[in-house]
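Q: Here it is, the structure in full.
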Amino acid sequence: SALNLKAESYGPGAANEDMAEVLDSLGYTCATVGDHEAAVRTYEASLEMRQEFLGVHAVDYQMVDTLNSLGILHLRQGHYSEAQKCLSEALGMNRHIYDALEEEDDDVAVSADIAKILMNLGDVRLAGEALEDAEKLYHEALLELEMGGNMEDLVSELAAGIRSRLGDVAGQKGGAL
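Numbering of the sequence shown is given in full-length UniProt numbering, commencing with residue 1 and proceeding in unit increments.
This is how it looks when you write it as structure tokens:
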């Protein structure tokens, strides 16, 4: 198979990385068709595989993305503590990646990714009716976008989503922004 050839050429880690990517794609597909339980199992298998070949304490952007996806799935299932755990781990990894970057173009992308994770963490807190925490996380997400500096279309769209969520929090609290 292609994975066996790659393992022979580049070592077993290369095949494992490809398999982890396949599992991520399968997890996304499962989530898209509404099979959240299968998506969670598949994303967890991908993370486990990456940890095997990268190490348990590895910091990897693909792991950040997988953890973020897992967090969103747990949120949708009402598993708030699991969502919080996955998203907090993703945030820590992504901040570590951001701190290691030197090029401005990458800074904007990673800053937007950090803001998305903060927004998702805010969604978890909002779903758990921790309005003050949600509001704080949404403001932190907006600040992260502002610090990124470049308000491209993606960043502007993300900022609009965060502001909308802040409006939801204000509405639930019975006040204005």
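Note that the Cβ used here is the ideal one computed from N, Cα and C, for glycine as well.
These numbers come from a predicted model, not from an experiment.
Classify Val-22 as helix, strand or coil using the three-state DSSP reduction.
A: Here residue 22 refers to the residue found at position 22 when the sequence shown is read from its first residue. Looking at Val-22 - three-state DSSP - the assignment turns out to be helix.
Q: Please state the DSSP three-state secondary structure of Leu-101.
A: Counting from 1 along the sequence shown, the entry for residue 101 is found at position 101. Three-state result, Leu-101: coil.
Q: Within 10 angstroms of the Cβ of Ala-2, are there 16 or more other Cβ atoms? Answer buried if so, exposed if not.
A: In the sequence shown, residue 2 corresponds to position 2, counting from 1. Reliability fails at Ala-2, whose pLDDT of 41 lies under 50, so the model's placement of it is uncertain and no value is given.
Q: Decide if Glu-61 is buried, meaning its Cβ has at least 16 other Cβ atoms within 10 Å, or exposed.
A: Here residue 61 refers to the residue found at position 61 when the sequence shown is read from its first residue. Note on residue identity: the sequence assigns Tyr, not Glu, to residue 61. Looking at its Cβ environment, which holds fewer than 16 other Cβ atoms inside 10 Å, Tyr-61 is exposed.
Q: What residue from Met-63, Arg-41, Val-40, Thr-42 has the CA that sits closest to Gln-51's CA?
A: Along the sequence shown, read from residue 1 onward, the residue named residue 51 stands at position 51. Among Met-63, Arg-41, Val-40, Thr-42, the Cα nearest to that of Gln-51 is on Met-63.
Q: When you compare each of Val-56, Gly-71, Ser-164 to Arg-41 by their alpha carbons, which one comes out closest?
A: Numbered from 1 along the sequence shown, position 41 holds the residue referred to as residue 41. The option with the nearest alpha carbon to Arg-41 is Gly-71.
Q: Take the Cβ of Val-33 as the centre, count every other Cβ of all protein chains shown within 10 Å, and call the residue buried at 16 or more, exposed below.
A: For the purposes of this step, residue 33 is taken as the residue at position 33 of the sequence shown. Per the 10 Å Cβ criterion, exposed.
Q: Take Asn-4 and list the residues in its own chain whose beta-carbon comes closer than 6 Å to its own, dropping the five residues that flank it on each side.
A: Residue mapping note: residue 4 aligns to position 4 of the sequence shown, counting from 1. Reliability fails at Asn-4, whose pLDDT of 45 lies under 50, so the model's placement of it is uncertain and the value that follows must be treated cautiously. Counting only Cβ-Cβ distances below 6 Å, and skipping sequence neighbours, we find nothing.
Q: Along the alpha helix (DSSP H) that carries Ala-38, what are the first and last residues, could you check?
A: Here the question's residue 38 lines up with position 38 in the sequence shown. Where Ala-38 is concerned, the enclosing alpha helix (DSSP H) stretches over 36 to 54.
Q: Look at Glu-144 and Ile-97 and say whether their C-beta atoms are less than 8 Å apart.
A: Position 144 of the sequence shown, counted from the start, is the residue given in the question as residue 144. Position 97 of the sequence shown, counted from the start, is the residue given in the question as residue 97. Not in contact: Glu-144 and Ile-97 (Cβ atoms no closer than 8 Å).
Q: Put Leu-3 into one of helix, strand or coil per three-state DSSP.
A: Residue numbering aside, residue 3 sits at position 3 when the sequence shown is read from its first letter. Confidence at Leu-3 is low in this model, with a pLDDT of 41, below 50, so its placement is unreliable and no value can be given for it.
Q: Is the CB-CB distance between Tyr-43 and Gly-55 below 8 Å?
A: Looking up residue 43 in the sequence shown gives position 43. Looking up residue 55 in the sequence shown gives position 55. No Cβ-Cβ contact shorter than 8 Å links Tyr-43 with Gly-55.
Q: When you compare the CB positions of Leu-118 and Glu-140, do they come within less than 8 Å of one another, or not?
A: Reading the sequence shown from its first residue, position 118 is the one you call residue 118. Reading the sequence shown from its first residue, position 140 is the one you call residue 140. Yes, these two residues count as a Cβ contact at 8 Å.
Q: What are the boundary residues of the alpha helix (DSSP H) that Gln-62 is part of?
A: Locating residue 62 in the sequence shown gives position 62, counting from the first residue. Start and end: 61 to 76.
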